[in-house]
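A quick write-up on the structure given underneath.
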Amino acid sequence: MNRRDLLLLCFLALLIGGVISTQLGHPGYTDAFYYFNAGKNLAVGRGLTDDALWTFIGEPATLPAPSHLYWMPMPSIIAGVSMSLWGASFKGAQVLFIPFYAGLVGLTYWLTIRLGGSRRSAWIASLCALGSGYFLPYWFTTETFSPYGLLGAGALIGIGLGRATGKVRFFGLAGTLCGLAHLTRNDGLLLIVCLMGAALCPGLPGARSRRAAFIGLAAYLLVMLPWFGRMMQVSGAILPAGGLETAWMRSYDEIANYPPEIAFSDFWAWGLDNIVRSRLEALILNGQTFLLVEGMILFAPLMLVALWQRRRDPMLSGFWLYMPALHITMTVVFPFPGTRGGLFHSAAALLPFWMALGVLGLEGVIAWAAKKRRWRANEAKLIFSSLALLWIGYLSLSVTLGKINAWGGTLYAELKLPPDAVVMVNDPSAVYYFKGLRGVVLPNAAPAAIPEIARRYGVTHVVVDAGRTPPMEDLWRGVNLPNFLEPLVSTIQYRVYRIK
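Mapping of the sequence shown onto numbering that gives the first Met the number 0: position 125 corresponds to residue 124, and the numbering continues sequentially without gaps.
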């Protein structure tokens, strides 16, 4: 491995990350607003607290409430540390996310060499990771993408090194990274399961296998125990409340249920035909994510070819366990969260592997075709690699420009409400970011639930926009209004009501 290449690639990544970060004006969407808000509270000395409930899962008693009762805290911690160093603003929060992106690019270079690629192969794979297609703008907002991508990929590489070398210390490293990845996303729990599977699978001597599993699990727990303790203190459970219940969803709107219950009895009463159909629909949508996002269309078949050719390489043992487990989990167990971004988020950890395998698969296919068609293999590799880079560059630029425009936040930025209002709205995290107003999510419940929620959280106003839940359709249309709501504003984009 050429260290000069690695340093140059990381420098390019830092440069590109810095440029794109300056073009993103706001976090952009619910998840990123949420992590930013909690990170800012942390930076200014309020701890991990939440002023805007995007879900009622966990049922906090009042506002403000302990944050991260459903999502994990790492992005907010990173944003909080970053803001404490560079200022309590979105620009300040972005700074520490950029090195994670640079680390992903560097990891791709190393992994390509480790899987048998040449220096040129490693450069091409790293440049593909630098572009990264649909992922590119997401690396630089206050979200899980860049930290989970680096920590998750690092954990899988640690597992692979443990299997390839038989050295237990790599399982300890992987366990530590599994813990940090779990602190970033709930899906990180799947990584430690894969580590245990890789350690205990045939291939390592019995005593060493058990020792590897023990050390990996111990390292994971060493990282996670403080968070488990915090969760026990604020919620009475070590894992986020209601996380497993999302397996019984009949639509993603149920994430906003009030009361916050997603019951197996309702799921089963939904009927086997609906259950099977929802999983088949998830299979199609997640298949599109694999093709378009993970494989960037061009690489999808090529990376599978290269993966199969290296199926006995112990370096890929963790990847072989995690990759199918992730896709199956997000399709069969959690189809609604999976198709609404869960798979997209978690697939960030697969990017270095897919880019390395995609380039190696391309070169393998070219070498095979060169023998059949009497091509000049090196020239063909140069031509097709250049075309691949052009395509990924075009895709990455198009997606990024689109998000720069889409993440402007004009809807809630222009909202006019009293300075002491507490708002019930589709995206309370965004309203808190733009207006500094506390709030709760518009529930997936009939309007009759509004007074109870208002009493509990002090809600004074209801804002209904295009992201409304189905039971709130009448409030959007302005018909059959309950007598406890007074219409204030009606625009093309939203309706505002005061709670009497």
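Beta carbons are placed, not taken as given, at the ideal position from N, Cα and C, and that holds for glycine.
The C-alpha of alanine 92 lies about 35 Å from the C-alpha of isoleucine 498. A Cβ-Cβ distance of about 4 Å is found for the pair tyrosine 496 and valine 461, placing them in contact under the 8 Å criterion. The DSSP-derived three-state label of leucine 416 is coil. Scanning Pro336, Ile261, Trp367 and Pro300 for the CA closest to the CA of glycine 357 turns up Pro300. Rounded to whole angstroms, the separation of the alpha carbons of aspartate 312 and isoleucine 365 is 22 Å. With respect to serine 316, alanine 173 sits apart: the two C-beta atoms are not nearer than 7 Å. DSSP, read as helix, strand or coil, puts proline 336 in helix. Scanning its chain for C-beta atoms nearer than 7 Å, with the 5 sequence neighbours on each side dropped, one finds around aspartate 30 the residues Glu142, in chain order. When Gly165, Val222, Ser83 and Leu179 are compared, the shortest CA-CA separation from arginine 210 is found for Gly165. Rounded to whole angstroms, the Cβ separation of alanine 346 and valine 292 is 6 Å, and the two are in contact under 8 Å. Glycine 116 sits in coil when the DSSP states are folded into three classes, being neither helix nor strand. Comparing alpha-carbon positions, the option among Pro427, Phe144 and Gly132 lying closest to leucine 394 turns out to be Gly132. Between tyrosine 493 and aspartate 464 the beta-carbon gap is near 4 Å, inside 8 Å, which marks them as a contact. In this structure, His67 is the residue among His67, Met329 and Asn256 with its C-alpha nearest to the C-alpha of alanine 236. The continuous alpha helix (DSSP H) containing glutamate 472 extends over residues 472–476. Comparing alpha carbon positions, the residue from Phe433, Ile274, Met223 and Pro239 closest to tryptophan 247 is Ile274. Boundaries cannot be given for methionine 248, as no beta strand (DSSP E) includes it and DSSP labels it neither H nor E.
Isoleucine 158 and threonine 54 have their alpha carbons spaced roughly 35 Å apart.
Distance from the Cα of leucine 359 is smallest, within the candidate group Ala255, Tyr28 and Ala305, for Ala305.
Threonine 48 sits in a strand when the DSSP states are folded into three classes.
The residues Pro74, Ser75, Ala78, Thr141 and Glu142, in chain order, have a CB closer than 7 Å to that of tyrosine 34 in the same chain once the five nearest residues on each side in sequence are set aside.
For proline 486, no alpha helix (DSSP H) run applies; the uninterrupted beta strand (DSSP E) run containing it begins and ends at 484–489, by DSSP.
Contiguous beta strand (DSSP E) elements confined to the stretch 384–468 occur at 422–424, 438–440 and 460–464, taking only those with 3 or more residues. The beta-bridge partner set that DSSP reports for isoleucine 498 consists of Leu484.
Its chain contains Leu297 as the residues whose beta carbon lies nearer than 6 Å to that of tryptophan 390, once the 5 sequence neighbours on both sides are disregarded; these appear in chain order. Comparing alpha carbon positions, the residue from Ser428, Leu325, Pro146 and Glu280 closest to leucine 441 is Ser428. Around the beta carbon of cysteine 177, 16 or more other beta carbons sit within 10 angstroms, so the residue counts as buried. Per DSSP, histidine 25 lies in no alpha helix (DSSP H) segment and is marked neither H nor E.
Membership of proline 259 in any alpha helix (DSSP H) is not indicated, and neither H nor E is assigned to it by DSSP.
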